[in-house]
Amino acid sequence: MSMIIGLTGSIASGKSTVANMLKDYGLPIVDADLVARIVVEPGTPTLQKIVEAFGEVALTEDGAMNRQKIGEIIFNDEEKRKQLNSIIHPAIRQEMLRQRDEHVAKGAQTVIMDIPLLFESKLQHFVDKILVVSVTEETQLKRLMERNQLSEQEATARISSQLPLSIKEQGADAVINNNGTIEETAEQLQRILRNWEVIE
984 MSMIIGLTGS IASGKSTVAN MLKDYGLPIV DADLVARIVV EPGTPTLQKI VEAFGEVALT
1044 EDGAMNRQKI GEIIFNDEEK RKQLNSIIHP AIRQEMLRQR DEHVAKGAQT VIMDIPLLFE
1104 SKLQHFVDKI LVVSVTEETQ LKRLMERNQL SEQEATARIS SQLPLSIKEQ GADAVINNNG
1164 TIEETAEQLQ RILRNWEVIE
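When you line the sequence shown up against this note's numbering, it's residues 984 to 1183, in that order.
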């Protein structure tokens, strides 16, 4: 039996850093953000459905999804946002499960599913264990402001659009405290992977 580990965190918690460390262990990763881009590539049925729902404005001149235009439409229209999500989310889930099963079929003992909104999207049933990368609210705010050049107000708004990390921690099988150095984070990850018998 393969073990499926769900990796999650929140904006600026350092989840990508941990994902890269898991890659270094040679573990296959299904990346939800990457999948979200794949399912709306030119020529895909998902993009076709978006065009049917939103009209030709949904496309750029070269036939790609016009993210800016769609962003403008759904920003002010809750119904349109729900409509877009109802097209994209099932496609993302289907492709993530396809990739997961493909890794398992190839004999992977452990597969990492990197899902930023694991709890928000209620995808806990996709995985066997959940690993949450967490930081204090102060660290999260500071990192996000520095990384994206945001004001405190803008950064706070982005953070509060997601479930608080404290709630995610309650649903986790293990938590990496990412407030310290990168070495400390790596040590915690190694300990968890040993504990779960992913590595020797």
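We put the beta carbon where it would ideally sit given N, CA and C, even for glycine.
On a predicted model such as this, the values are computed, not experimentally measured, just so you know.
Asked	Found
Just list the residues that DSSP pairs D1097 with in beta bridges.	L990 and D1014
Helix, strand or coil for L1148, going by three-state DSSP, please let me know.	helix
Quick one: measure Cβ to Cβ for S1149 and S996, integer angstroms, because I've assumed they're closer than 8 Å.	So it is not a contact: roughly 12 Å between Cβ atoms.
If we call anything under 8 Å between Cβ atoms a contact, is I987 one with V1110?	yes
Using the Cβ count rule (16 or more neighbours within 10 Å means buried), how would you classify R1083?	buried
Can you give, in chain order, each stretch of the beta strand (DSSP E) that sits fully within the stretch 1101-1156 and has at least 3 residues?	1112-1117
Return helix, strand or coil for N1068, following the three-state DSSP convention.	helix
Check whether the stretch 1019-1033 touches the stretch 1046-1066, taking contact to mean three or more Cβ pairs, one atom from each stretch, closer than 8 Å.	yes
Assuming Q1171 is part of the alpha helix (DSSP H), what are its boundary residues?	I1165 to N1178
Less than 8 Å separating the beta-carbons of L1172 and V1001?	yes
If we call anything under 8 Å between Cβ atoms a contact, is L1146 one with I994?	no
Put I1057 into one of helix, strand or coil per three-state DSSP.	helix
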